[in-house]
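The block underneath contains the structure these notes are about, expressed in structure tokens.
There are 2 protein chains.
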Amino acid sequence: MERQELIDTIKEKRSFLCVGLDTDINRIPEEFLQHDNPMLAFNKAIIDITSPYCVAYKPNTAFYEQYGSEGWKTLEQTLEYIPNGIMKIADAKRGDIGNTSRQYAKAFFDNLNADALTIAPYMGRDSVQPFMEWKEKWTVLLAVTSNEGSADFQQQQLKTEELLYEKVVKTAMNWSDSEKLMFVVGATAGEHIRRVREMAPDNFFLVPGVGAQGGSLSDVATKGMTADCNLLVNASRSIIYAKNSANFEDAVRSACEKLQREMEQLLSARGVI
Amino acid sequence: MERQELIDTIKEKRSFLCVGLDTDINRIPEEFLQHDNPMLAFNKAIIDITSPYCVAYKPNTAFYEQYGSEGWKTLEQTLEYIPNGIMKIADAKRGDIGNTSRQYAKAFFDNLNADALTIAPYMGRDSVQPFMEWKEKWTVLLAVTSNEGSADFQQQQLKTEELLYEKVVKTAMNWSDSEKLMFVVGATAGEHIRRVREMAPDNFFLVPGVGAQGGSLSDVATKGMTADCNLLVNASRSIIYAKNSANFEDAVRSACEKLQREMEQLLSARGVI
């Protein structure tokens with residue numbers, strides 16, 4: 622998917638919502654358990670309900686891999702079911718030596734036909750660049766994540782005074798451009814969101830951590846939104862396991878609508894729409 | 622697998638060889654292409670030939686994932702085929718927020734029944750610790766990798782004067798013990814091998830980079846071997862695509878035997894056997 626198409630979709634849908642498909646069979650409504658493949662049936666229902674309100678879906682591969690080849694099949698079928706025009710982000714956090722990263726790129730960009738893939742930066746340039754060889758496919762590099770452990774290494778100060786994640790962002794900016802390089806910046810990262818935006822003025826951020834993890838949507842928009850938006854804010858558990866109504870469909874739809882309305886206001890306030 | 626069992630196997634087989642099952646369908650001998658599943662047939666042949674000489678197998682998940690659910694099935698069948706008593710290391714370089722890392726642990730430790738899993742440290746403590754909750758299962762944390770990109774971040778100096786990988790090793794040593802924590806230390810890492818050994822005197826190292834990547838086995842042994850060995854040295858391409866004989870079986874066997882004999886000498890010189 623091209624950058625301009627993503628920006629156009631955001632403006633059209635008045636939303637920068639990414640729905641995380643972190644499907645846990647122990648948490649889905651009982652009505653789905655009668656299906657041959659409850660995870661797939663649930664995902665299809667979620668996609669049917671949420672697709673008017675979101676611009677991206679992000680299945681996390683862990684939730685599928687735990688069921689082995691059957692789970693991987695469900696991942697394939699889920700990605701196939703996502704309507705055209707909505708970005709498919711495989712949240713897989715891969716990265717390996719060059720030759721091996723190229724196999725991962727084939728797995729996700731060719732075989733699964735994902736538009737984007739999350740990548741861990743620890744192994745450096747030759748572990749990341751192979752993903753950038755694919756046209757109209759996105760490398761979504763971990764910068765500052767939304768979890769507590771982000772402080773352990775990502776926020777360590779280097780001898781040059783920069784923090785590690787700053788070095789990661791600055792270095793990766795030399796490897797590609799805003800047409801195919803995004804950064805993962807946690808909604809819980811506070812001032813670090815602003816810092817990454819200074820370093821990467823035109824790059825999309827994929828922002829987890831709103832909702833169940835406690836990050837604030839308006840804070841993210843204040844610190845990270847540009848005139849082209851350049852944000853994808855992910856919500857998983859707060860949407861797919863929404864419990865604000867006795868009816869599953871209503872609960873999911875209203876959780877999604879609420880976020881979309883907030884996003885519309887933020888887009889409007891920033892002059893994106 | 623318990624640490625003592627691994628050490629006993631090393632002494633008994635006079636080998637600390639790990640065979641990397643990075644199977645590339647474009648590089649396997651033509652005779653396998655007639656099988657329904659050429660990758661699986663090739664892996665079974667490799668395991669049959671090499672199992673007397675090695676103490677571990679390490680399939681890299683990228684090579685299987687590129688074929689989607691079918692490839693994952695091949696990974697399952699390959700791991701099932703590995704004889705008892707030989708360690709199964711899934712080289713997957715996973716790591717995610719805590720709840721998600723737990724799903725990965727289920728995928729690899731429960732569903733695939735791997736003994737060990739490689740993990741990337743960038744996301745910190747709560748991304749790594751869930752893997753340590755499983756009994757007799759190993760977390761193999763990336764410290765200094767064998768690729769060029771290792772210099773980009775891993776070898777950056779922190780304000781405290783330590784290099785990033787030193788901080789990673791030192792921090793992770795507080796999370797678990799040598800019964801279930803290994804480190805990935807590249808054969809090409811030179812003096813850094815010695816440095817990790819100083820910090821982690823009893824931990825196993827999984828060492829890639831001998832063979833096709835240019836690392837030296839004797840150098841690794843000098844810098845990293847302990848009285849209990851505590852090394853697993855991986856070779857993939859130099860064994861499974863060995864071309865030192867016109868006959869596939871002979872070529873693989875002799876490449877494997879040669880490494881085992883070198884390892885036997887090094888174990889003997891160090892007094893392990």
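Going down the list, the sequences are from chains A and B.
Heads up, the first sequence is in this note's numbering, so the first residue is 622 and it goes up one at a time.
Heads up, the second sequence is in this note's numbering, so the first residue is 622 and it goes up one at a time.
Just so it is clear, CB atoms sit at the ideal spot from N, CA and C, and this is done for glycine as well.
According to the Cβ coordinates, are L763(A) and Q775(A) closer than 9 Å?
-> In the first sequence, counting from the first residue as 1, residue 763(A) sits at position 142. In the first sequence, counting from the first residue as 1, residue 775(A) sits at position 154. Result yes, Cβ atoms of L763(A) and Q775(A) sit closer than 9 Å.
Helix, strand or coil for G641(B) per DSSP?
-> Looking up residue 641(B) in the second sequence gives position 20. G641(B) falls in the strand class under three-state DSSP.
Over the uninterrupted alpha helix (DSSP H) stretch that includes D747(A), give me the two end residues.
-> Working through the first sequence from its first residue, we reach residue 747(A) at position 126. Boundaries of the alpha helix (DSSP H) harbouring D747(A): 746 to 749, taken from the DSSP string.
What's the C-alpha gap between E800(A) and E651(A)?
-> By 1-based counting over the first sequence, the position of residue 800(A) is 179. By 1-based counting over the first sequence, the position of residue 651(A) is 30. Those two C-alpha atoms are separated by around 42 Å.
Reduced DSSP secondary structure (H/G/I, E/B, other) of M794(A) | Here residue 794(A) refers to the residue found at position 173 of the first sequence. It is coil, neither helix nor strand.
Find the residues of chain A that neighbour Y725(B), judging by a C-beta separation of less than 8 Å, and give them in chain order.
-> As a working mapping, residue 725(B) is identified with position 104 in the second sequence. For Y725(B), the chain A residues whose Cβ falls inside 8 Å of its Cβ are A683, E686, Q687, in order along the chain.
Q834(A) versus L852(A), T809(A), R816(A), residue with shortest Cα-Cα distance | For the purposes of this step, residue 834(A) is taken as residue 213 along the first sequence, with counting starting at 1. The shortest C-alpha separation from Q834(A) is found at T809(A).
Applying the criterion that 16 or more other CB atoms from any shown protein chain within 10 Å of the CB defines a buried residue, is T781(B) buried or exposed?
-> Position 160 of the second sequence, counted from the start, is the residue given in the question as residue 781(B). Classification for T781(B): exposed.
Using a Cβ-Cβ cut-off of less than 7 Å, give me the residues of the region 831 to 846 of chain A that come near chain B, in sequence order.
-> none
CA-CA distance, K665(A) and D643(A)?
-> As a first step, residue 665(A) must be located in the first sequence, where it is residue number 44. As a first step, residue 643(A) must be located in the first sequence, where it is residue number 22. Spanning the two alpha carbons is a distance of roughly 13 Å.
Assigned secondary structure, G895(A) (DSSP; H/G/I helix, E/B strand, else coil) = Only positions 622 to 894 of chain A appear in this structure, which leaves residue 895(A) out of reach.
For L779(A), three-class secondary structure by DSSP | Working through the first sequence from its first residue, we reach residue 779(A) at position 158. Looking at L779(A) - three-state DSSP - the assignment turns out to be strand.
Taking just the CA atoms, how far does L696(A) sit from L827(A)?
-> Along the first sequence, read from residue 1 onward, the residue named residue 827(A) stands at position 206. Along the first sequence, read from residue 1 onward, the residue named residue 696(A) stands at position 75. Taking the straight line from one Cα to the other gives about 20 Å.
Quick one, which of R858(B), R891(B), S866(B), G892(B) has its alpha-carbon nearest N681(B)'s?
-> Residue numbering aside, residue 681(B) sits at position 60 when the second sequence is read from its first letter. Looking at the Cα atoms, R858(B) is the closest of the given residues.
For M622(A), name the three-state secondary structure that DSSP assigns.
-> Indexing the first sequence from 1 puts residue 622(A) at position 1. In the structure shown, M622(A) sits in coil (DSSP, three-state: anything other than H, G, I, E or B).
By Cβ distance below 8 Å, which residues in the same chain neighbour M820(B) in space, the five residues on each side in sequence not counted?
-> Here residue 820(B) is taken as the residue at index 199 of the second sequence, counted from 1. Non-local beta-carbon contacts of M820(B) in its own chain, meaning distances under 8 Å to residues more than five positions away in sequence, involve E787, V790, K791, M794 in chain order.
Could you confirm whether any beta carbon from chain A is found closer than 9 Å to the beta carbon of L785(B)?
-> Sequence index remark: in the second sequence, residue 785(B) carries index 164 (1-based). Yes, because at least one Cβ of chain A sits closer than 9 Å to the Cβ of L785(B).
Can you tell me the Cα-Cα spacing of N868(A) and Q698(A), whole angstroms?
-> Taking the first sequence and counting its residues from 1, the one referred to as residue 868(A) is at position 247. Taking the first sequence and counting its residues from 1, the one referred to as residue 698(A) is at position 77. C-alpha separation (whole angstroms): 26 Å.
Under the three-state DSSP convention, the category I566(B) falls into | Because residue 566(B) is not part of the residues shown, which for chain B are 622 to 894, the question remains open.
Step through the CB atoms of chain A and report whether any lies within less than 9 Å of the CB of G811(B).
-> Position 190 of the second sequence, counting from 1, holds the residue named residue 811(B). Chain A, which has no Cβ nearer than 9 Å to the Cβ of G811(B), makes this no.
Within the region 631 to 683 of chain A, note down every full beta strand (DSSP E) run reaching 3 residues or more, in order along the chain.
-> 638 to 641, 677 to 679
Which residues, taken in chain order from the region 696 to 709 of chain B, show a beta carbon closer than 7 Å to some beta carbon of chain A?
-> E697
Extent of the continuous alpha helix (DSSP H) to which V873(A) belongs | The residue you call residue 873(A) lines up with position 252 of the first sequence. Per DSSP, V873(A) belongs to the alpha helix (DSSP H) from 869 to 890.
When DSSP labels each residue in this structure, what does A713(A) get in the three-state scheme?
-> Along the first sequence, read from residue 1 onward, the residue named residue 713(A) stands at position 92. Looking at A713(A) - three-state DSSP - the assignment turns out to be strand.
Inspect the beta-carbon positions of M744(B) and S771(A) and report whether they are closer than 9 Å.
-> One-based indexing of the second sequence puts residue 744(B) at position 123. One-based indexing of the first sequence puts residue 771(A) at position 150. In this structure, S771(A) lies closer than 9 Å to M744(B) by Cβ.
Spatial distance of K879(A) from T843(A) (CA atoms) = As a position in the first sequence, residue 879(A) is number 258, starting the count at 1. As a position in the first sequence, residue 843(A) is number 222, starting the count at 1. If I take the Cα positions, the gap works out to 19 Å.
Simplified DSSP state of A735(B), which is helix, strand or coil = Your numbering for residue 735(B) matches position 114 in the second sequence. Looking at A735(B) - three-state DSSP - the assignment turns out to be coil, as it is neither helix nor strand.
Does any C-beta atom of chain B lie closer than 9 Å to the C-beta of A662(A)?
-> Locating residue 662(A) in the first sequence gives position 41, counting from the first residue. No, no contact with chain B.
If you compare alpha carbons, which of D657(A), F729(A), E883(A) is closest to S690(B)?
-> Reading the second sequence from its first residue, position 69 is the one you call residue 690(B). Of the candidates D657(A), F729(A), E883(A), the one whose C-alpha sits nearest the C-alpha of S690(B) is F729(A).
So, is the C-beta of F729(A) closer than 9 Å to a C-beta in chain B?
-> Position 108 of the first sequence, counting from 1, holds the residue named residue 729(A). At least one chain B Cβ lies under 9 Å of F729(A).
Just tell me which of Y702(A), K634(A), L802(A), M622(A) has its CA closest to the CA of C877(A).
-> The sequence position of residue 877(A) within the first sequence is 256, counting from 1. Among Y702(A), K634(A), L802(A), M622(A), the Cα nearest to that of C877(A) belongs to K634(A).
In chain A, which residues lie less than 9 Å from Q778(B) when you measure between Cβ atoms?
-> Residue numbering aside, residue 778(B) sits at position 157 when the second sequence is read from its first letter. Here the neighbours are L779, K780, T781.
Along the region 742 to 761 of chain A, what residues have a CB closer than 8 Å to any CB found in chain B?
-> P742, Y743, M744, G745, R746, D747, S748, V749
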